[in-house]
Amino acid sequence: MASNQSKPDDSLENLRIVVEKNPSESRLSELGIKSCPKWACSPGKYQLRFDAEETCYLVKGKVRVYKKGSTTTEETEFVEFGAGDLVTIPKGLSCTWDVLLSVDKFYTFDSS
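Each residue of the sequence shown is one higher than the one before, counting from 107 in my numbering.
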């Protein structure tokens, strides 16, 4: 008899971080990102869960993000972004942020 359980790995595939390298000033203006709140942190590892989609623009820093729930062979896979990048983090993502260089970013959440 077939099981009707959802596969965690399938749902992880849909939780992709999108990194837009060096977006134009007009793109940033269109989003109004530089009018959003700022957040900063020092180097270290942080366990995070995103209960809403986040869009952020890194003014400075460098981060490697590792998704939770990856298989052993995927543990070394990460998404890296840094100063000048516009990043969209999906709602529902649990991850570890490995902050390599102190981060300073503008951010906004999509509550839908």
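A virtual CB, placed ideally from N, CA and C, is assigned to each residue, including glycine.
Computed from a predicted model, the values in this text were never measured in an experiment.
{"query": "Own chain partners of residue 285 with C-beta closer than 6 angstroms, once the 5 adjacent residues on each side are dropped", "result": "The shown model of the chain, from 107 to 218, leaves out residue 285, and the question about it has no answer."}
{"query": "Nearest neighbour of residue 193, chosen from 164, 170 and 216 [CA to CA]", "result": "164"}
{"query": "Closest Cα partner of residue 146 within the set 162, 186 and 134", "result": "162"}
{"query": "Neighbour-count burial assignment, residue 190, 16 or more Cβ in a 10 Å radius", "result": "exposed"}
{"query": "Buried/exposed call for residue 186, threshold 16 Cβ in 10 Å", "result": "exposed"}
{"query": "Coil, strand or helix - residue 87 by DSSP", "result": "Nothing can be reported for residue 87, as the shown portion of the chain is limited to 107 through 218."}
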